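The structure appears below as structure tokens.
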Amino acid sequence: MEKDFAALAHRWDAHEMFYKNLYAKKMEGPKAYQSYLNSLDKEYIRREYLTVPELGDVFDEFPEVEPIFSTGVDIAVWKHSRYTPTYFHSHTYFEIICVVEGSCINRVGDKTVLEMKAGDICILPDGVKHSIEAMADEDIILNISLRKSTFHTAFYEVLSDDSILANFFRQCLQGTERAPYLYFKTETDSEVWHSICRMYLEYYNHRKYYDKSLHFLMMYTFLLLIRNFDQYYVSGQNKQELELLTYLRKNFMDTTLSKTAVHFGYSEGYLSRLVVRLTGKNFTKLIQEYRLNATCRLLKESTLKISEISEVVGYRSLEHFNRQFRNMYNMTPSEYRSKNVQPPQRRF
């Protein structure tokens, strides 16, 4: 089963190749990107339900209709297309975001930013605005969609106890005050992920009684989450903490401890302790990590010179940049680029 899932999940379909080409063109700069947008077949984009925000072809809200629930079942399981342009949207159904490999950034509402890694699961109610950013070849994200209109009858057993999961879904169905998401960190628990991957194969293959199998596997996954995982959080950090982390992610190129402290009105000592508490890293280490992550992305996906990348991510000394990169990855930026840049292959 694992081999079947891996082969299917890593395969590049036409939509993913479209999005990857779109992303690559965007990295070339505004002029080249606009020229590429002008050349696109708009009718093909609409027919295939492709997302190109610059062309206005996006849905603010996805209803319980085609293409997600086109087969009439209560559960749909599909792979999030890598490199899909990021944009805010909501659903009239429940969505479960499952990071199988790699990572993604899940923005929920105006402030919450969830940096999801392999083994993380996020359950979103209907009507919650969110966006998913998965911009790397290794980012394998599965989305499980559950009809809200039939949830009470289809998953009655889930609602009958007093677990965190049951309370969450009951609040969503009753329209009372609810949390914007429910989050589980499973650390790639084999039972949970075997069940989720099996669901994907069942939905994809559409074999006889697959709808009943999906229901059974979804119930089993819920059971495992209730039984084995109590390290969840509902509302995330408070507003100020989220604003701080968002600020650092957006300004890692040129911010400093003193500049950040002034921006938020903190003392440098308090800010240092707060960053460690929130991230487990000191300020300098966190900024270095953001810069080097951006470096790896640019080495793989742009044609910028290494000296230019060094400046873009915030280093003023090329020597210091090279030294930090080597310390982190045990190779030079040039060696990293050589090992990770491959000519695009059409696999569909």
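In short: position in the sequence shown from 1, add 544, done, that's this note's numbering. Beta carbons are placed, not taken as given, at the ideal position from N, Cα and C, and that holds for glycine. All values derive from a computational prediction rather than experimental measurement.
Taking C-beta atoms as the reference points, Y637 and R590 fail to come closer than 8 Å.
With a minimum length of 3 residues, the unbroken runs of beta strand (DSSP E) contained wholly in the segment 601-688 fall at 619-623, 638-645, 647-652, 656-661, 664-668 and 674-677. Unbroken beta strand (DSSP E) runs of no fewer than 3 residues, entirely contained in the segment 801-852, are not found. Judged by DSSP in its simplified three-state form, V857 adopts coil rather than helix or strand. Under the three-state reduction of DSSP, V885 is assigned to coil, being neither helix nor strand.
Bounds of the beta strand (DSSP E) holding K729 are L726 to K729. With a beta-carbon spacing of about 4 Å, A620 and S689 fall inside the 8 Å limit used to define contacts. Counting only the Cα atoms, K803 lies some 10 Å from G809. Remark: C-beta atoms of P629 and L686 do not approach each other more closely than 8 Å.
Apart from the 5 residues on each side of it in sequence, I831 sits with its Cβ closer than 6 Å to the Cβ of F796 in its chain, given in chain order. Residue pairing by DSSP places L690 opposite I619 and F638 in a beta bridge.
DSSP places R555 outside any alpha helix (DSSP H), giving it a letter other than H or E.
M875 counts as exposed, since fewer than 16 other C-beta atoms from the protein chains shown sit within 10 angstroms of its C-beta.
For N837, the closest alpha carbon among the candidates S647, Q578 and D654 is that of S647.
V736 and L709 have their alpha carbons spaced roughly 15 Å apart. A direct Cα-to-Cα measurement between S811 and L822 gives close to 16 Å.
In the three-state DSSP reduction, E546 falls in the helix class (H, G or I).
Beyond the five residues adjoining it in sequence on each side, C716 comes within less than 8 Å, by CB distance, of F638, P669, D670, K692 and R722 in the same chain, given in chain order.
Residues of the same chain with a CB within less than 6 Å of the CB of W622, apart from the 5 flanking positions on each side, are N687 in chain order. Per the C-alpha coordinates, the member of T595, V644, K575 and H696 positioned closest to L552 is V644.
Counting along the chain, F695 sits inside the alpha helix (DSSP H) bounded by residues F695 to A698. Taken atom to atom, the span from the alpha-carbon of I740 to that of Y754 is near 14 Å.
P597 sits away from G653, with the two beta carbons spaced by 8 Å or more. In this structure, the beta-carbon distance from S854 to L843 does not fall below 8 Å. Cβ contact annotation for D548 (same chain, cutoff 8 Å, sequence separation greater than five): L745, in chain order. With 16 or more neighbouring CB atoms inside 10 Å of its own CB, Y727 falls in the buried class.
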